[in-house]
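Chemist: For the sequence shown, UniProt numbering begins at 1 and goes up steadily by one.
Don't be surprised by glycine CBs; every beta carbon is placed ideally from N, CA and C.
On a predicted model such as this, the values are computed, not experimentally measured, just so you know.
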Amino acid sequence: MRVARAFNKMRAWLEENDPSMLDTLRRGMSRQELDESLASDDISLPACVRAMYRVCGGQDDEKVPLEFKRSMGTSNWMGLFGGYSFYDKPVSLRFLTIPRAIALRRHILQQCPSPPFPPGESLTLQDQFPFACSFQWLQQVELPSRTVCVRVSTGDVCSVGNEVSRPRGVALHQQATASQHAGGLVPWLEAFVERLCSGYYRKSRLVKDLDQSVSISLFPRAGEFSCESVTRGVRVRASSIFVPEMSFTAEPHSFYFFAYSIRFQMLESITEGGKEVLSCQLVSRHFAFTRIFAGGAQSQDRVDGEAVVGMYPLLRCGP
1 MRVARAFNKM RAWLEENDPS MLDTLRRGMS RQELDESLAS DDISLPACVR
51 AMYRVCGGQD DEKVPLEFKR SMGTSNWMGL FGGYSFYDKP VSLRFLTIPR
101 AIALRRHILQ QCPSPPFPPG ESLTLQDQFP FACSFQWLQQ VELPSRTVCV
151 RVSTGDVCSV GNEVSRPRGV ALHQQATASQ HAGGLVPWLE AFVERLCSGY
201 YRKSRLVKDL DQSVSISLFP RAGEFSCESV TRGVRVRASS IFVPEMSFTA
251 EPHSFYFFAY SIRFQMLESI TEGGKEVLSC QLVSRHFAFT RIFAGGAQSQ
301 DRVDGEAVVG MYPLLRCGP
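1) Is His253 helix, strand or coil when you go by DSSP?
2) Beta carbon of Val150, beta carbon of Val243: below 8 angstroms?
3) For Phe264, is the classification buried or exposed, using 16 other Cβ atoms within 10 angstroms of its Cβ as the cut-off for buried?
4) Specify the secondary structure class of Ala132 as computed by DSSP and reduced to three states.
5) Would you report the Cα separation of Asp41 and Trp188, rounded to the nearest angstrom?
6) How is Asp301 classed by DSSP in three states: helix, strand or coil?
7) Is it a yes or a no for the stretch 215–223 touching the stretch 22–40, going by three-plus beta-carbon pairs under 8 angstroms?
8) Helix, strand or coil for His181, going by three-state DSSP, please let me know.
9) Could you check whether Glu245 and Ser159 sit closer than 8 angstroms to each other, using their CB atoms as the reference points?
10) Decide if Cys227 is buried, meaning its Cβ has at least 16 other Cβ atoms within 10 Å, or exposed.
11) DSSP beta-bridge partners for residue 332?
12) Taking all protein chains shown into account, do 16 or more other C-beta atoms lie within 10 angstroms of the C-beta of Asp156, making it buried, or fewer, making it exposed?
13) Is the stretch 224–241 touching the stretch 254–273, taking contact as three or more C-beta pairs under 8 angstroms?
14) How many angstroms separate the CA atom of Gly79 from the CA atom of Phe131?
15) Would you grab the beta carbon distance between Ala307 and Arg285 for me? Rounded to a whole angstrom, and I think it's under 8 angstroms.
16) How many angstroms separate the CA atom of Glu121 from the CA atom of Thr74?
17) Nearest-angstrom Cα distance between Gln126 and Leu109?
18) Less than 8 angstroms between C-beta atoms, sequence neighbours within five positions excluded: which residues of the same chain meet that for Trp77?
19) Hey, which unbroken runs of the beta strand (DSSP E) at 3 residues or more fall wholly within the stretch 27–97?
20) Is it buried or exposed, Thr177, if we count other Cβ atoms within 10 angstroms and call 16 or more buried?
21) Measuring straight from C-alpha to C-alpha, what distance separates Ser239 and Asp23?
22) For Arg285, write down the residues that DSSP places opposite it in a beta bridge.
23) Since Gly58 and Phe95 are thought to touch, with beta carbons under 8 angstroms apart, how far apart are those beta carbons, to the nearest angstrom?
24) Check this for me: beta carbons of Lys203 and Asn8, under 8 angstroms apart or not?
25) I'd like the list of long-range same chain contacts for Asp304, defined as Cβ closer than 6 angstroms, with 5 residues on each side in sequence excluded.
26) For Lys203, which three-state DSSP category applies?
Spelled out as structure tokens, the structure:
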């Protein structure tokens, strides 16, 4: 079974790299437990979702809080499906138990006046079942900053945001054909696990200055969406991610939101004027962003300015 194989690989990776997160995973549910949990809302899940919960029942509610709590420390950041942050938007996607998923689904249906999908895609909130979401960072925000759902009728995967007044969301993985019963969830899960095991995703701080936020980062560390260069002893790594919960595909106002991460490290000392230099400071930046359109056409945006967002990071030699 593809779902079982994917979870076995993920458990093996966690056992070696993050035993604490492995400890948050619940055992798989029996058919009877699954049926009884879904009976109250009369939800009929596609086979791919049922298979996932038969293999793993989600992350333990007590060990991985849905609301951000300072007292929980590192537990806030133990989302199985990774996370990221940029500006004031932190995300850590935890794997929901069935009871927690049902409660969130009810809450979403109450809060959202309209589906966060473009007209013509025939997606409705009633047809969505959330299986992963981030914590609620701010108490006054009604919904998680990102929720990952499956379409009950097909198994397609989509991601939605928390702007109730302007719902946004994008379908991520859709089934290739009507007869492909595995739906989009299975390839989505397999792709995530493959990237995790290959080093495309790695553990790092999700929030720059918060040591307790070390977890699986969705900013790529390898592959085509990551690049690296070393100049005079300073290594610069850059990567970008698509942010589906802040994107919208309804014409004529469709837009796609991306975030990028730039990381600096002084690897070794250099010699300037006969003296050894053990530190340096960033004073200016030059970025080139390349857009690749359908058909292969490209355009480039250049950004030049002082430091980075008004900050002048000081780098010192060493790890």
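Modeler: Inspection of the coordinates gives the following:
1) Locating residue 253 in the sequence shown gives position 253, counting from the first residue. Looking at His253 - three-state DSSP - the assignment turns out to be coil, as it is neither helix nor strand.
2) Here residue 150 corresponds to residue number 150 of the sequence shown, with the count starting at 1. Here residue 243 corresponds to residue number 243 of the sequence shown, with the count starting at 1. 8 angstroms or more divides the Cβ of Val150 from the Cβ of Val243.
3) Residue 264 sits at position 264 when you count from the first residue of the sequence shown. So Phe264 ends up on the exposed side.
4) Here residue 132 corresponds to residue number 132 of the sequence shown, with the count starting at 1. Of the three classes helix, strand and coil, the one that applies to Ala132 here is strand, per DSSP.
5) In the sequence shown, counting from the first residue as 1, residue 41 sits at position 41. In the sequence shown, counting from the first residue as 1, residue 188 sits at position 188. Each residue's CA atom was taken as its position, placing Asp41 and Trp188 some 26 angstroms apart.
6) Translated into the one-based positions of the sequence shown, residue 301 becomes position 301. Under the three-state reduction of DSSP, Asp301 is assigned to strand.
7) In short, these stretches do not touch, since the Cβ pair count stays below three.
8) Here residue 181 refers to the residue found at position 181 of the sequence shown. For His181, the predicted model reports a pLDDT of 44, less than 50, meaning its position is unreliable; a value from the coordinates is still stated below. Of the three classes helix, strand and coil, the one that applies to His181 here is coil, per DSSP.
9) To locate residue 159, count along the sequence shown from 1; it is residue 159. To locate residue 245, count along the sequence shown from 1; it is residue 245. Ser159 is a Cβ neighbour of Glu245, given a cutoff of 8 angstroms.
10) Residue numbering aside, residue 227 sits at position 227 when the sequence shown is read from its first letter. Only exposed fits Cys227, as fewer than 16 other CB atoms lie within 10 angstroms of its CB.
11) Residue 332 is absent from the structure shown; the chain starts at 1 and stops at 319.
12) The residue given as residue 156 occupies position 156 in the sequence shown. Buried is the call here.
13) The stretch 224–241 vs the stretch 254–273: in contact.
14) Residue mapping note: residue 79 aligns to position 79 of the sequence shown, counting from 1. Residue mapping note: residue 131 aligns to position 131 of the sequence shown, counting from 1. Approximately 12 angstroms, taken between the alpha carbons.
15) If you number the sequence shown from 1, residue 307 lands on position 307. If you number the sequence shown from 1, residue 285 lands on position 285. Indeed, because the Cβ distance is near 7 angstroms, the residues count as touching under 8 angstroms.
16) Mapped onto the sequence shown, residue 121 falls at position 121. Mapped onto the sequence shown, residue 74 falls at position 74. Interpretation of Glu121 is limited by its pLDDT of 48, a score under 50 that renders its predicted location unreliable; no figure is taken from the coordinates.
17) On the sequence shown, residue 126 is found 126 positions in, with the first residue counted as 1. On the sequence shown, residue 109 is found 109 positions in, with the first residue counted as 1. Roughly 7 angstroms separates the two Cα atoms.
18) By one-based count along the sequence shown, residue 77 stands at place 77. Leaving aside the five residues that flank Trp77 on each side, the residues in its chain whose CB is nearer than 8 angstroms to its CB run, in chain order, Gly83, Ser92, Leu206, Gln212, Ser213, Val214 and Ser215.
19) Listed in chain order, they are 83–86 and 89–92.
20) In the sequence shown, the residue the question calls residue 177 occupies position 177. The predicted position of Thr177 is uncertain, since its pLDDT is 41 and thus under 50; a value taken from the coordinates is nonetheless stated next. Exposed, since its Cβ has fewer than 16 Cβ neighbours within 10 Å.
21) Translated into the one-based positions of the sequence shown, residue 239 becomes position 239. Translated into the one-based positions of the sequence shown, residue 23 becomes position 23. So the two alpha carbons sit approximately 30 angstroms from each other.
22) Position 285 of the sequence shown, counting from 1, holds the residue named residue 285. According to DSSP, Arg285 bridges with Gly305.
23) Indexing the sequence shown from 1 puts residue 58 at position 58. Indexing the sequence shown from 1 puts residue 95 at position 95. 5 angstroms between Cβ atoms; contact.
24) Looking up residue 203 in the sequence shown gives position 203. Looking up residue 8 in the sequence shown gives position 8. Cβ distance not < 8 angstroms, so Lys203 and Asn8 don't count as in contact.
25) Counting from 1 along the sequence shown, the entry for residue 304 is found at position 304. For Asp304, where only same-chain residues beyond five positions count, the Cβ hits under 6 angstroms are His286.
26) Along the sequence shown, read from residue 1 onward, the residue named residue 203 stands at position 203. If DSSP states are grouped into helix, strand and coil, Lys203 belongs with the strands.
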